[in-house]
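For the sequence shown, full-length UniProt numbering begins at 1 and goes up steadily by one.
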Amino acid sequence: MNKSLNLDSGYEVFVANYYPACPQPELVMGLPPHSDFGLLTFLIQNDVGGLQIQHNGKWININPIPNSILVNTGDHLEIFTNGKYKSVLHRAVVNKMERISIGIANCPAMNATVSPAASPLIQNERFPPLYLPKKYSEYVEIQQTNPLDGKSCLDRIKINSLPLK
Numbered sequence: 001m002n003k004s005l006n007l008d009s010g011y012e013v014f015v016a017n018y019y020p021a022c023p024q025p026e027l028v029m030g031l032p033p034h035s036d037f038g039l040l041t042f043l044i045q046n047d048v049g050g051l052q053i054q055h056n057g058k059w060i061n062i063n064p065i066p067n068s069i070l071v072n073t074g075d076h077l078e079i080f081t082n083g084k085y086k087s088v089l090h091r092a093v094v095n096k097m098e099r100i101s102i103g104i105a106n107c108p109a110m111n112a113t114v115s116p117a118a119s120p121l122i123q124n125e126r127f128p129p130l131y132l133p134k135k136y137s138e139y140v141e142i143q144q145t146n147p148l149d150g151k152s153c154l155d156r157i158k159i160n161s162l163p164l165k
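This is how it looks when you write it as structure tokens:
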């Protein structure tokens, strides 16, 4: 992916999550709401549900499909497309059965500057850049030194301007 986008070679992050069975799942949160850094996250999970995405202010269960890979858009795809593609706000909830998920995130090189693509289709007079250019390493530092809290990392580099109508 990095080669086709003419970017320096990046890296992948591998995350394995184990959520034990919980006798009172309504009292426990697996992972708080957050969006993933990176371009895309590929998720493989067992047949036990627990992933939820936020859509129109409501949490929607994403039921696992056997032998499938779920693809989530990440923060850097949102930045690269200047907000045209949004990163997915999601969370993990526990339930009465154990759940396992494996995520692989595709990320730019640490020294890469992440910004909206310099393309008239992405940014122009009607759609100025929505995000400040930021070294990927700086973005990761923001993400790692702050608690998971929705899209707070994106909010920290967002330019407070709206496209013209």
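From the three backbone atoms N, C-alpha and C, an ideal C-beta is built for every residue, glycine too.
The model shown is predicted, which means the values in this text are computed figures rather than measured ones.
Would you decide whether LEU164 is buried or exposed? Buried here means 16 or more other CB atoms lie within 10 Å of its CB. Sequence index remark: in the sequence shown, residue 164 carries index 164 (1-based). The predicted model places LEU164 with a pLDDT of 44, which falls under 50 and marks its position as unreliable; any figure quoted below should be read in that light. Note on LEU164: under 16 other CB atoms within 10 angstroms of its CB, so exposed under the neighbour-count rule.
Determine contact between the segment 54-62 and the segment 78-85, defined as no fewer than three beta-carbon pairs at a distance below 8 Å. No, they do not touch.
With contact counted as at least three CB pairs below 8 Å, one residue from each stretch, are the segment 9-21 and the segment 98-108 in contact? Output reads yes: the segment 98-108 touches the segment 9-21.
Is the CB-CB distance between ILE157 and TYR136 below 9 Å? Along the sequence shown, read from residue 1 onward, the residue named residue 157 stands at position 157. Along the sequence shown, read from residue 1 onward, the residue named residue 136 stands at position 136. Against a cut-off of 9 Å, the Cβ pair of TYR136 and ILE157 comes out as no contact.
Please report the Cβ distance between SER115 and ILE159, rounded to the nearest whole angstrom; I am assuming they are in contact, meaning their Cβ atoms lie under 8 Å. Here residue 115 is taken as the residue at index 115 of the sequence shown, counted from 1. Here residue 159 is taken as the residue at index 159 of the sequence shown, counted from 1. Rounded, the Cβ-Cβ distance is 11 Å, inconsistent with contact.
Would you check if there are 3 or more beta carbon pairs closer than 8 Å linking the segment 122-133 to the segment 26-45? As far as the Cβ criterion goes, the segment 122-133 does not touch the segment 26-45, which means the pair count is below three.
Would you tell me roughly how many angstroms separate the C-alpha atoms of ASN72 and GLN45, rounded to the nearest one? The count along the sequence shown starts at 1 and reaches residue 72 at position 72. The count along the sequence shown starts at 1 and reaches residue 45 at position 45. Cα-Cα distance, rounded: 13 Å.
Please report how far the alpha carbon of GLY50 lies from the alpha carbon of ASN95, in whole angstroms. Mapped onto the sequence shown, residue 50 falls at position 50. Mapped onto the sequence shown, residue 95 falls at position 95. Distance between the alpha carbons of GLY50 and ASN95: 7 Å.
Under the three-state reduction of DSSP, which class applies to GLU12: helix, strand or coil? The sequence position of residue 12 within the sequence shown is 12, counting from 1. GLU12 carries a strand assignment under DSSP once its states are collapsed to helix, strand and coil.
PRO129 - DSSP class collapsed to helix/strand/coil: Residue mapping note: residue 129 aligns to position 129 of the sequence shown, counting from 1. Correct three-state label for PRO129: coil.
Could you give the uninterrupted runs of the alpha helix (DSSP H) lying entirely in the segment 73-136, keeping only those of 4 residues or more? 75-80, all fully within the segment 73-136.
Measure the alpha-carbon distance for THR145 versus SER35 and round it to whole angstroms. The count along the sequence shown starts at 1 and reaches residue 145 at position 145. The count along the sequence shown starts at 1 and reaches residue 35 at position 35. In this structure, the straight-line span from the alpha carbon of THR145 to that of SER35 is close to 15 Å.
Answer with buried or exposed for ASP155, where buried requires no fewer than 16 other C-beta atoms within 10 angstroms of its C-beta. Position 155 of the sequence shown, counted from the first residue, corresponds to residue 155. Per the 10 Å Cβ criterion, exposed.
My output table needs one value for LEU70: the three-state DSSP class, helix, strand or coil. The residue labelled residue 70 in the question sits at position 70 within the sequence shown. Note: LEU70 maps to strand in three-state DSSP.
Would you report the Cα separation of HIS90 and ILE53, rounded to the nearest angstrom? As a position in the sequence shown, residue 90 is number 90, starting the count at 1. As a position in the sequence shown, residue 53 is number 53, starting the count at 1. It is roughly 4 Å from the alpha-carbon of HIS90 to the alpha-carbon of ILE53.
Measuring only the C-alpha atoms, how far is GLU12 from PRO147? Against the sequence shown, residue 12 aligns to sequence position 12. Against the sequence shown, residue 147 aligns to sequence position 147. Roughly 21 Å between the two C-alpha positions.
May I ask you to report which of helix, strand or coil DSSP gives LYS151? Reading the sequence shown from its first residue, position 151 is the one you call residue 151. LYS151 falls in the coil class under three-state DSSP.
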